[in-house]
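Numbering (the numbering used here), first residue to last: 2 to 123.
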């Protein structure tokens, strides 16, 4: 199963190092259960609103779902979000921190830490 996680941030060039520090801290541990619950509720609501609006990305998800399990429903969509547990998130975070980080910076990058410096934090 493919898991794609990422964090994004922006800052003034002079604050680049502190922004990187904050991002590294944010992914240093899985979020607590209450944060997972709020994120699941928000993601589920967004997906159900997209279903109502006929979103193309949701149509793509439906197609994948049908190919995988030969069925699709709004209830199934909601249930798939409900099935995500804090343990699933913790496992995904564990896998993420074992992988090599990738990052990009644009603009004045003179204060951005080197890739090796960031990678050593994990």
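C-beta atoms are modelled at their ideal positions from N, C-alpha and C, and glycine is treated no differently.
Determine the direct distance from the alpha carbon of residue j to that of residue i, and round the result to whole angstroms.
i, j, result
"residue 103", "residue 15", "21 Å"
"residue 78", "residue 90", "18 Å"
"residue 25", "residue 96", "15 Å"
"residue 39", "residue 121", "31 Å"
"residue 52", "residue 41", "16 Å"
"residue 106", "residue 119", "13 Å"
"residue 117", "residue 74", "45 Å"
"residue 100", "residue 20", "21 Å"
Which residues mark the beginning and the end of the alpha helix (DSSP H) in which residue i is found?
i, result
"residue 101", "Careful: residue 101 lies outside any alpha helix (DSSP H) and carries neither H nor E."
"residue 82", "75 to 83"
Could you check which residue in the options has the C-alpha nearest to that of residue i?
i, options, result
"residue 111", "34, 84, 17", "17"
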